[in-house]
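*Asks:* First residue of the sequence shown: 40, per the working numbering; consecutive thereafter. I have a structure here, written as structure tokens, and I will follow up with some questions on it.
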Amino acid sequence: MKKGLSRRNLFKYMGVGGATAVVAGCEKKPEKLIPMLVPPTDYEYTPQTAYQYMTTCRECDAACGMMVTTREHRAQKAEGNPNHPVNQGALCARGQASLQTLYNPNRHAHPLADGKQIPWEEGMQQFSAIIQAASGAIAYLGKPASGSEGDFVDEWLQAAGGGQRFKFNLLTQKSQAEANKIAFDHADVPEYAFEKAGVVFNFSTDFLENWGNPVENARRFTDMHVYKNGRKNKFIHISPQVSLTGAKADRWIVINPGTEGLVALAIASVIQKENGTYKFLKKYLQAYSPEKVAEATGVSAEILSELAIDAMEHGPLLALGGGNVSATDQSVETLVAVNILNAVSGALNKTILFSDQTAPESSTHQDLTQLISDLNAGKIKLLIVDDSNPVYALPPSMGFLQAMKKAFVVSLASQKSETTHAANLVLPALTAYESWGDAFPRNGVRSIQQP
Numbered sequence: 040m041k042k043g044l045s046r047r048n049l050f051k052y053m054g055v056g057g058a059t060a061v062v063a064g065c066e067k068k069p070e071k072l073i074p075m076l077v078p079p080t081d082y083e084y085t086p087q088t089a090y091q092y093m094t095t096c097r098e099c100d101a102a103c104g105m106m107v108t109t110r111e112h113r114a115q116k117a118e119g120n121p122n123h124p125v126n127q128g129a130l131c132a133r134g135q136a137s138l139q140t141l142y143n144p145n146r147h148a149h150p151l152a153d154g155k156q157i158p159w160e161e162g163m164q165q166f167s168a169i170i171q172a173a174s175g176a177i178a179y180l181g182k183p184a185s186g187s188e189g190d191f192v193d194e195w196l197q198a199a200g201g202g203q204r205f206k207f208n209l210l211t212q213k214s215q216a217e218a219n220k221i222a223f224d225h226a227d228v229p230e231y232a233f234e235k236a237g238v239v240f241n242f243s244t245d246f247l248e249n250w251g252n253p254v255e256n257a258r259r260f261t262d263m264h265v266y267k268n269g270r271k272n273k274f275i276h277i278s279p280q281v282s283l284t285g286a287k288a289d290r291w292i293v294i295n296p297g298t299e300g301l302v303a304l305a306i307a308s309v310i311q312k313e314n315g316t317y318k319f320l321k322k323y324l325q326a327y328s329p330e331k332v333a334e335a336t337g338v339s340a341e342i343l344s345e346l347a348i349d350a351m352e353h354g355p356l357l358a359l360g361g362g363n364v365s366a367t368d369q370s371v372e373t374l375v376a377v378n379i380l381n382a383v384s385g386a387l388n389k390t391i392l393f394s395d396q397t398a399p400e401s402s403t404h405q406d407l408t409q410l411i412s413d414l415n416a417g418k419i420k421l422l423i424v425d426d427s428n429p430v431y432a433l434p435p436s437m438g439f440l441q442a443m444k445k446a447f448v449v450s451l452a453s454q455k456s457e458t459t460h461a462a463n464l465v466l467p468a469l470t471a472y473e474s475w476g477d478a479f480p481r482n483g484v485r486s487i488q489q490p
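Structure follows, in structure tokens:
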């Protein structure tokens, strides 16, 4: 009799062992108990019943109305509020995805001091102590707020001994507000009534992408551009390059880069000469006739005159300037030229609607540069960063990261970021789904945010 394991038995045992491993591997044990297996007793709810809560989206400054569907008191889906006057049921991709901020598994769950978890009581004690020690040498850096939040922050800074508030927004419309102040004596961004326009001249503005309120712009633009009453209104894109917005134009006028203002003044000169309005601009506009700017703009005098005829025959006109134009060193001059075109064509109070409500201003590049300078000089002892990530957003050449290390930095944020990583103290903040608030999207609209 042979000793040891035979070849036949070896394969037999391997087969049995392999089958056992496969069967065992198909079973996955749950890591946690099923949620809501034991119903809560501190509030009433109806299982499997969905409820809709109306609130305000805070993913950008547009402040669209949002309808959140919940089940078992848990938000499950975000859609546009069909009764909200701004977006009327539409909601952009950012708003749709905003639930990810609520359920992000990497959210800050506890306060952090120098990267180490601490109790809330200790975090609040540290915050109170540094506020008292700062003696008013405080800087607050947060997003612009159109509702009562901005007033609350200003009052809090005064109660804390004074301090500076910086409104951090890289997509600022500061140049447009300055141009409107020069042309119309309104240092604000107006409401653009696309639906009342017969023709839209777009000077390099991506109003369907990231300028203003893209959701409301798209809705109103669709009302303008749709075929109705035997007529389709015109959309003319005037820019050196095409974009997602420009791709929807009926006509694309290719111009030399940086000449949007010259084109606007050339069109305005023809309109002013024809209708005789704004006579005090006559001499000024004569220097920008189509013949005189054709070579510089790369657009023939005939085409410039055709555009003026379109504006007069298919009006009211709506001329838009912003976006990339606002980022140039000639931004204010260019936008003033667009405003002149709107004025001589009679767009003011028709397609350009100003109001007494002032939109929240954003801090300028010079303001942020001054903040960095004050940090380096030791003039600021406490820097509070609220729901912003300047370490990532600002170019390294500005030296913000190095400057903030010279002050005590408190970050109020729900998500981890480069700024929270560099902060001395991190206090987790609530998301828009968990807090009350309000916003003023535009004139006559007050929007409430509820948890």
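Note that CB positions come from ideal geometry on N, CA and C, so glycine has one too. Please read these numbers as outputs of a predicted model, since none were measured by experiment.
1. So A170 and A199 are supposed to be a Cβ contact under 8 Å. How far apart are they, rounded?
2. Buried or exposed for Q488, going by 16 or more other Cβ atoms inside 10 Å?
3. My output table needs one value for V228: the three-state DSSP class, helix, strand or coil.
4. Name the DSSP beta bridge partners of K273, please?
5. Can the beta-carbon of L422 be found closer than 7 Å to that of V448?
6. Counting C-beta neighbours from all protein chains within 10 Å, is the total for M105 16 or more, i.e. buried, or is it exposed?
7. What first and last residue would you give for the beta strand (DSSP E) that runs through Y90?
8. Which residues bound the alpha helix (DSSP H) around P329?
9. Looking at the structure shown, is G189 part of a helix, part of a strand, or coil, going by DSSP?
10. Can you tell which of S450, W475 and F479 has its C-alpha closest to the C-alpha of Q165?
11. When you compare the region 468 to 478 with the region 93 to 103, are there three or more beta-carbon pairs, one atom per stretch, that lie closer than 8 Å?
12. Please confirm whether E299 and F240 have their CB atoms less than 7 Å apart.
13. Does the Cβ-Cβ distance between S384 and I294 come in under 7 Å?
14. Just list the alpha helix (DSSP H) runs in the region 356 to 383, keeping only unbroken ones of 4 residues or longer that don't cross its boundaries, in chain order.
15. Taking the alpha carbon of I221 as the reference point, which residue from N256, D368 and I379 has its own alpha carbon closest?
16. For L283, I'd like the list of residues in its chain whose CB is within less than 8 Å of its CB, leaving aside the five on either flank, ordered along the chain.
17. How long is the line joining the alpha carbons of K312 and S339, rounded to whole angstroms?
18. What is the DSSP secondary structure of R485, counted as helix, strand or coil?
19. By the DSSP assignment, the beta strand (DSSP E) with F205 in it spans what residues?
20. So G186 and D477 are supposed to be a Cβ contact under 8 Å. How far apart are they, rounded?
*Replies:* Taking the coordinates as given:
1. Reading the sequence as shown, one finds Ile at residue 170 and not Ala. Contact flag correct, Cβ pair sits at about 6 Å.
2. Per the 10 Å Cβ criterion, buried.
3. In the structure shown, the three-state DSSP call for V228 is coil.
4. For K273, which the question treats as bridged, DSSP gives the partners V238.
5. yes
6. buried
7. A89 to T95
8. P329 to T336
9. helix
10. Q165 has its Cα closest to that of S450, out of S450, W475 and F479.
11. yes
12. no
13. no
14. 370 to 383
15. Closest option to I221, Cα to Cα, is I379.
16. D245, L247 and E248
17. 19 Å
18. coil
19. Q203 to K206
20. 4 Å
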